[in-house]
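First up is the structure itself, then whatever we jot down about it.
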Amino acid sequence: MIEEYLDVSSPFQRIMPNILLCNILMMRQNVYLKNSFVERGSDKMPKVPQVTVIGHIIIETIIFPNGNVVTPVLGSPAAYSSVALAKLGTQVGLCTKVGKDMPQELLKPFIDTSVNIDGLIVEGDHSTTNKLIYQHLESKRVEYIHKAPDITVKDIPEHFREAQLFYICPMDFEVPSEVIEELAKTGKPVFVDLGGYGGATSSQHQLGDEVLLEQLKPILRSATLVKASLEDSQLILGSSNTKNSMFLDEAIFAKKFLDMGAEKVIITLGSRGVLYSDSYNNKYYPSFPCNAFDTTGAGDTFCAGTIHEYLKTQNLEKAILFGEAVACLVIRKTGGVKAERMPTEAEVRKFLQVITQNT
Numbered sequence: 002m003i004e005e006y007l008d009v010s011s012p013f014q015r016i017m018p019n020i021l022l023c024n025i026l027m028m029r030q031n032v033y034l035k036n037s038f039v040e041r042g043s044d045k046m047p048k049v050p051q052v053t054v055i056g057h058i059i060i061e062t063i064i065f066p067n068g069n070v071v072t073p074v075l076g077s078p079a080a081y082s083s084v085a086l087a088k089l090g091t092q093v094g095l096c097t098k099v100g101k102d103m104p105q106e107l108l109k110p111f112i113d114t115s116v117n118i119d120g121l122i123v124e125g126d127h128s129t130t131n132k133l134i135y136q137h138l139e140s141k142r143v144e145y146i147h148k149a150p151d152i153t154v155k156d157i158p159e160h161f162r163e164a165q166l167f168y169i170c171p172m173d174f175e176v177p178s179e180v181i182e183e184l185a186k187t188g189k190p191v192f193v194d195l196g197g198y199g200g201a202t203s204s205q206h207q208l209g210d211e212v213l214l215e216q217l218k219p220i221l222r223s224a225t226l227v228k229a230s231l232e233d234s235q236l237i238l239g240s241s242n243t244k245n246s247m248f249l250d251e252a253i254f255a256k257k258f259l260d261m262g263a264e265k266v267i268i269t270l271g272s273r274g275v276l277y278s279d280s281y282n283n284k285y286y287p288s289f290p291c292n293a294f295d296t297t298g299a300g301d302t303f304c305a306g307t308i309h310e311y312l313k314t315q316n317l318e319k320a321i322l323f324g325e326a327v328a329c330l331v332i333r334k335t336g337g338v339k340a341e342r343m344p345t346e347a348e349v350r351k352f353l354q355v356i357t358q359n360t
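Position in the sequence shown (first residue = 1) + 1 = the numbering used here.
Here's what the structure looks like:
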């Protein structure tokens, strides 16, 4: 893989040589690549990840309700979920794009947790950069300063396409529906976070507009499971009249997603837990008791835990409970996307055991 990035005849010839690219290549070679190949017969082949995560990683400034500002930090659903998955023990491949301005130190969590960054492409001058502004701990808005180029099918490394499950989690529409439709053809599960398709991290929202919602249908129809927060759902499906949209509860939102073609729907409800819906039932999963300190990344790490346990058990109920436990442990700490903030599988199972004994 290293040679491919340095070969001017490769698909990556559009990437101009720069310090960041050279440093990424060195990190791969010295820290990660020793574990990224597997023997197959007489050849060394790239190791296939269990989960391929697709979406921008970003340079973020977080502004908290009390006025505290933290910057620069690594952010995005792709960053949180891939590091959390890897810390749990899942082999993860990250497919993303950054610009030449990405600080090298922000990539450290991927190296610390052995996330496969063969799919990290440096293209253009700017990484996706934003301000994440919290009105309160369960409501936020995003202001974008720069955006990296979109991630296309051809950007996904061949061995990443052999993963057991694909998790699509854009920030702001940077993963076109064609990517999801193509991955769905593999017959593998495709989980999609709708936050970046008109939800809370998006710069534009459908707000119930039927023409705009029509563009969302190919994504819903191709996904095995879609996840949205209650806030995402209001921004995608709710009326442009905010007062009216607040009267639409999560069960109505879930049914609307199903009517639009979704097979399975998870709506996260913050401190109230999770609603799971399919064509047969709705089921609520109350949240675990959590002393929340920093809720940034809660939904993303919930998804990571859910995916990790789903791969092990193929049981969505067990997976959702495991995901809730992961998120609960993460929000007790602060510090953004860091390996030390994410729990191990053993820590999550111990937490669940204690919760079970006390109920």
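C-beta: ideal position from N, C-alpha, C; glycine also.
Leaving aside the five residues that flank E182 on each side, the residues in its chain whose CB is nearer than 7 Å to its CB run, in chain order, P219 and S223. In the structure shown, the three-state DSSP call for E348 is helix. Only exposed fits A252, as fewer than 16 other CB atoms lie within 10 angstroms of its CB.
Under a 10 Å Cβ-count criterion, I146 is classified as exposed, with fewer than 16 other Cβ atoms of the shown protein chains found around its own Cβ. If the five residues before and after N131 are omitted, its C-beta is found closer than 7 Å to the C-beta atoms of I59, E61, V143, E144, Y145 and I146, all from its own chain and listed in chain order. Counting only runs of 4 or more residues that sit fully inside the segment 289-352, the alpha helix (DSSP H) segments are 299-314 and 317-331, in chain order.
Per the Cβ contact rule, the segment 335-344 is in contact with the segment 80-98 (3 or more Cβ pairs under 8 Å).
Of the residues assessed, G298 falls on the buried side of the cut-off, its CB having 16 or more other CB atoms within 10 angstroms. Look at T129 here: in three-state DSSP terms it is strand. The residue from P190, Q205, L221 and Y311 with its alpha-carbon nearest to that of A263 is L221. Considered as a whole, the segment 96-180 harbours 117-123, 129-137, 140-147 and 166-169 as its complete beta strand (DSSP E) runs of no fewer than 3 residues, in chain order.
Of the candidates G196, Q165 and L108, G196 places its Cα closest to the Cα of S140. Secondary-structure assignment with DSSP links I64 through a beta bridge to V70 and I134. For L195, there is no enclosing beta strand (DSSP E), as DSSP gives it neither H nor E. Across the structure, P190 and K88 are spaced so that their CA atoms are roughly 21 Å apart.
About 6 Å separates the CB atoms of P50 and F161; that is less than 8 Å, so the two are in contact. Boundaries of the beta strand (DSSP E) harbouring Y277: V275 to D279, taken from the DSSP string. Cβ contact annotation for F294 (same chain, cutoff 7 Å, sequence separation greater than five): I332, R333, K334 and T335, in chain order. Annotated three-state conformation of A229 is strand, per DSSP. The alpha-carbon separation between E106 and V71 amounts to approximately 15 Å. A straight-line Cα-Cα distance of about 14 Å links I112 and G120.
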